[in-house]
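Engineer:
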Amino acid sequence: MTHSPNSPTSTQVLGACPHDCPDTCSLLTTVERGIAIKVQGNPAHPHTDGALCTKVSRYTERTYHPERVVQPLKRVGSKGSGQFEPVSWDAALSDIATRLAAIAARNPQAILPYSYAGTMGLVQGESIAARFFHKLGASLLNRTICAAAGGEGLVHTLGGKLGMRVEFFAQSKLILIWGSNSISSNLHFWRYANQAKRNGAKLICIDPRKSETADKCHEHIALLPGTDGALALALMHELITHDWLDHDYLARYTLGWQAMRERALQWPPERAALVCGIETEQIRALALAYGACANNQQPAAIRMNYGLQRVHGGANAVRLIAALPALIGAWRNRAGGVLLSSSGSFPVQQNWLQQSELLAGRAPRAINMSTLGDDLLRPCSAEFGPAIEALVVYNSNPLAVAPESAKVQQGLAREDLFTVVLEHFQTDTADYADYILPATTQLEHWDIHRSYGHTDVLLNRPAIAPLGQAKPNTQIFRELAQRMGFTDGCFDDSDETLCRQAFGTGIDFEVLLAKGFVTLPTPDAPFAEGNFPTPSGRCEFFSERLAQLGLDGLADHVPNHEAFNSCSSYPLAMISPPARNFLNSSFVNVKSLRDIEGEPLLEMHAADAAARGIASGDTVCVFNARGTHHCKAHISARARLGVVNGLGVWWRKFGLDGTNVNQLTSQKLTDLGGGPTFYDCLVEVRK
Ligand SMILES: Nc1nc2c(c(=O)[nH]1)N[C@H]1C(S)=C(S)[C@@H](COP(=O)(O)OP(=O)(O)OC[C@H]3O[C@@H](n4cnc5c(=O)[nH]c(N)nc54)[C@H](O)[C@@H]3O)O[C@H]1N2
Ligand SMILES: Nc1nc2c(c(=O)[nH]1)N[C@H]1C(S)=C(S)[C@@H](COP(=O)(O)OP(=O)(O)OC[C@H]3O[C@@H](n4cnc5c(=O)[nH]c(N)nc54)[C@H](O)[C@@H]3O)O[C@H]1N2
Ligand SMILES: [Mo]
């Protein structure tokens, strides 16, 4: 904490942005008389560079929002009515502990924790909470909803969630921005890309939607959703037939090249163009640009993001794209290669944080968070195990963000389901709670963060006291543990201790305390000489591990579950990428940000709208066999023919008919990793 030179009563506190975003910014919060008056980007942190996105610069508006939940609430109305009355912490926690203990006495696996990335903090995420559920023997949760497919794709190709260091994109000469609207969802990467652009780099955006990022790139390839694997194979085809290859790199540092080569040769650009719904010439031009960088002529970099892996073949597509740098030897230069996620670089002490030995030999079933709707409705069976009787939600808003909301809603509405929600606000999910417990925000608690877009560790110190009766997630689970009679010493670890130990001895905590961030000592060009952390030590075109699972060891194009087909009764593909001023469903209730986004919209191509007699501003019904969702149509050059864009993720209660886009999405899963397929979704639209 430092005293600001301007005012003796004003202090500045170093923190970290908690949100699910690759940027993980360093924050400076100005506090006067115990009130946070301003949250700014830390100018001393190179990646943040003193700048925040619009939404996080409004963090005080969110923190002091008049609708913050600041005391425990107990349901008084019917399930989902949203009617609650205040209760004391003691009454709430005692009742919750009694109810959970009764269920656990029959079968603890009937209790399901449900959490994701409301905060990315390692402490307010899965530390004491995980210990609590492990001790209880509750069902485990497979946290697949964001990155499972892409993560598997990386692991089975490069060996981990690793890649280029983000700062070196500034020195690249060709950048493919693939499945990422960086200006909206990875702003601090965009700064490096823009620097490269000013230095003469060519930027190509590959995205079905003409995003704000596509506007600023030299070229935009608007392929159909879920066809990236075909495009990558055709690129390989062109690199091979023109011999734009780094043969030395391929021979020394890759595995399975002959088989990959044969498969790629089945994908001439003409074939891929039909699948992708684009011109053959666009594929040839892309290959020419990428091939011109072969053999160290120019550094070529790829920034993938998770947007492209929310489809059936998401993991295979990531495998194919992650393999591209090896063909041209792009990894030889630190400004070449690919980055999807850097989160595997961090020496997180997960076992210590989560204390899995508290399971004491039990192996509870794991429930996939991406099929919550179905799972809440499943009866007890030999295959499934006990029906879910209690759901404890923290750091997530599943009714808004999980696919096929009608099923999630039906499940949450079960009278025999006991639901506890730890939250800042009365979200769509919290409306269905039996108890809402007030949680602190990032300004009010300790935490420590890794990042999936850079390689710095950040510490977050509390800037202000908890609002009202709010408590950190950790403290809520500590107190519940106490009431359940859990006496293990690990429940006494303080938040500060958890921060200190989260990275073991891998990080100098004193530097973190003083500076707020520490950069990991990772190599500049990690794969310049192979050293892939795969079983073979090579970039794996062919994965023996996948082959042993009975899967195709070689990556391929895997078509969508709901592949685009103009003759089907649902002839439009719908994608629902993030809105710039929301963070998934967070911030939707912050009025100044909601005012910028306006209202839930469906972007449509003029021809698709005209064919249905739809004009901009019309209320439309978007529907498929899973449900209907009403919103306003917006005819826009951002939508390509055959694809509609429903920017997400709105709170259902702000929608025209109390739904959002996830009323339409399906619970079908990805090829690997059990991820959701939000962007693999056919719909029809009528006025
Ligand atoms: N402002 C803001 N920032 C965010 C988020 C947010 O909600 N708002 N979300 C955060 C989260 S949770 C994550 S996981 C990260 C990454 O979040 P992502 O969801 O990956 O975010 P984007 O970078 O916007 O990438 C989505 C882009 O992929 C495109 N896309 C959709 N389908 C396909 C496809 O099949 N192929 C290709 N090539 N592109 C496709 C979309 O049109 C969109 O422009 O961003 C984080 N940052
Ligand atoms: N249609 C469609 N659906 C999507 C996506 C999409 O692109 N399209 N994106 C998907 C992706 S990539 C992701 S990552 C998921 C995200 O899904 P979630 O991780 O559920 O993200 P949020 O909607 O931001 O909800 C997080 C909630 O956690 C709360 N929270 C924040 N900090 C704390 C805390 O310290 N303690 C407690 N108790 N609560 C806290 C916030 O108030 C917020 O309500 O959504 C997915 N859903
Ligand atoms: Mo995500």
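If you count the sequence shown from 1, you need to add 57 to reach the working numbering. Note that the Cβ used here is the ideal one computed from N, Cα and C, for glycine as well. Bear in mind that the values here come from a model prediction, so they are computed numbers and not experimental data.
#1: Take Gly257 as the anchor and find which of Glu440, Ser242 and Leu231 has the nearest alpha-carbon.
#2: Which whole-angstrom value is the C-beta distance of Arg709 and Ala457, which I expect to be below 8 Å?
#3: Ala667: which of Arg743, Ala630 and Gly610 sits nearest, CA to CA?
#4: By Cβ distance below 6 Å, which residues in the same chain neighbour Arg557 in space, the five residues on each side in sequence not counted?
#5: How far does the beta strand (DSSP E) with Gln558 in it reach, from first residue to last?
#6: Give the secondary structure of Leu739 by DSSP, where H, G and I count as helix, E and B as strand, and everything else as coil.
#7: Out of Leu331, Ser625 and Arg318, which has the shortest C-alpha to C-alpha gap to Ala380?
#8: Using 8 Å as the threshold, is the C-beta distance between Pro519 and Trp503 below it?
#9: Under three-state DSSP, which class holds Ser145?
#10: Have a look at Ser649, Leu726 and Asp147 and flag the residue whose alpha-carbon is nearest the alpha-carbon of Cys203.
#11: Near Gly610, which residues of its chain fall below 6 Å by C-beta distance, leaving aside the five closest residues on each side in sequence?
#12: Express the C-alpha separation of Thr722 and Glu327 in angstroms, rounding to a whole number.
#13: What does the Cβ neighbour count give for Gly561, buried or exposed, with the cut at 16 atoms within 10 Å?
#14: Taking only heavy atoms of ligand 3 into account, decide whether any of them is closer than 7 Å to the Cβ of Asp77.
#15: DSSP puts Arg132 in a beta bridge; with which residues?
#16: Measuring CB to CB, does Ile168 end up less than 8 Å from Ala187?
#17: Could you give the uninterrupted runs of the beta strand (DSSP E) lying entirely in the segment 315 to 374, keeping only those of 3 residues or more?
#18: Alpha carbon to alpha carbon, how far is Asp80 from Cys74? Give it in angstroms, no decimals.
#19: Which residue from His686, Ala392, Ala672 and Ala663 puts its Cα closest to that of Arg695?
#20: Out of curiosity, what's the CA-to-CA distance linking Ser427 and Gln724?
#21: Please confirm whether any heavy atom of ligand 1 lies closer than 7 Å to the CB of Asp264.
#22: Taking C-alpha atoms, which residue in Thr298, Ser673 and Asp513 lies nearest to Ser83?
#23: Secondary structure at Lys528, three-state DSSP: helix, strand or coil?
#24: Roughly how many angstroms separate the alpha carbons of Ser145 and Arg535, rounded to a whole number?
#25: Would you mind working out which of Thr214, Arg115, Phe225 and Asp303 sits nearest Ala392, comparing C-alpha positions?
#26: Could you pull the DSSP bridge partners for Asp504 from this structure?
#27: Just to confirm the assignment, what range does the beta strand (DSSP E) spanning Ile278 have?
#28: Taking 6 Å as the limit between beta carbons, can you name the residues of its chain near Ser242, skipping five residues before and five after?
#29: DSSP has Thr214 in a bridge; who is on the other side?
#30: How far does the alpha helix (DSSP H) with Glu480 in it reach, from first residue to last?
#31: Between the Cα of Leu312 and those of Gly563, Lys572 and Arg595, spot the shortest distance and give me the residue it belongs to.
#32: Identify which residue in Ala470, Glu124 and Arg341 has its Cα closest to the Cα of Gly134.
#33: Going by alpha carbons, who is nearest to Asp272 out of Ser237, His245 and Arg683?
#34: Within 7 Å: the Cβ of Ser239 and any heavy atom of ligand 2?
#35: Please list, in chain order, all residues of the same chain as Thr676 whose beta carbon is under 7 Å from its beta carbon, the five residues on each side excluded.
#36: Could you check how far apart the C-beta atoms of Ala372 and Gly730 are, in whole angstroms? I think they sit under 8 Å.
Structural biologist: For this structure:
#1: Minimum Cα distance to Gly257 is reached at Leu231.
#2: With a beta-carbon spacing of about 6 Å, Arg709 and Ala457 fall inside the 8 Å limit used to define contacts.
#3: Ala667 has its Cα closest to that of Arg743, out of Arg743, Ala630 and Gly610.
#4: So the list reads Phe566, once near-sequence residues are dropped.
#5: Per DSSP, Gln558 belongs to no beta strand (DSSP E); it is in the alpha helix (DSSP H), Asp552 to Gln558.
#6: Of the three classes helix, strand and coil, the one that applies to Leu739 here is strand, per DSSP.
#7: The residue with the shortest Cα to Cα distance from Ala380 is Arg318.
#8: The answer is yes: Cβ separation under 8 Å.
#9: Coil at Ser145, not helix or strand.
#10: For Cys203, the nearest C-alpha among the options comes from Leu726.
#11: Contacts found: Phe599, Ser600, Leu603 and Ala604.
#12: Distance between Glu327 and Thr722, taken at the CA atoms: about 31 Å.
#13: Exposed, because fewer than 16 other Cβ atoms sit within 10 Å of the Cβ of Gly561.
#14: Yes; taking the cut-off as 7 Å, the Cβ of Asp77 has a heavy atom of ligand 3 nearer than that.
#15: According to DSSP, which records beta bridges pairwise, Arg132 is partnered with Phe141.
#16: For Ile168 and Ala187, no; Cβs fall outside 8 Å.
#17: 357 to 361, all fully within the segment 315 to 374.
#18: The straight-line gap from Cα to Cα measures roughly 9 Å.
#19: The residue with the shortest Cα to Cα distance from Arg695 is Ala663.
#20: Going by C-alpha positions, Ser427 is about 7 Å away from Gln724.
#21: In this structure, ligand 1 has a non-hydrogen atom nearer than 7 Å to the beta-carbon of Asp264.
#22: Of the candidates Thr298, Ser673 and Asp513, the one whose C-alpha sits nearest the C-alpha of Ser83 is Asp513.
#23: Under the three-state reduction of DSSP, Lys528 is assigned to strand.
#24: Those two C-alpha atoms are separated by around 17 Å.
#25: Nearest C-alpha to Ala392: Phe225.
#26: Answer is Asn517.
#27: First-last of the beta strand (DSSP E) with Ile278: Glu276 to Ile278.
#28: Same-chain partners within the cutoff: Pro635.
#29: Per DSSP, none; premise fails for Thr214.
#30: For Glu480, there is no enclosing alpha helix (DSSP H); the residue is part of the beta strand (DSSP E) that begins and ends at Phe475 to Glu480.
#31: It is Arg595 whose Cα lies nearest to the Cα of Leu312.
#32: Per the Cα distances, Ala470.
#33: For the residues Ser237, His245 and Arg683, the minimum Cα distance to Asp272 belongs to Ser237.
#34: No - ligand 2 has no heavy atom lying nearer than 7 Å to the Cβ of Ser239.
#35: These residues qualify, in order along the chain: His687, Lys689 and Leu713.
#36: So it is a contact: roughly 6 Å between Cβ atoms.
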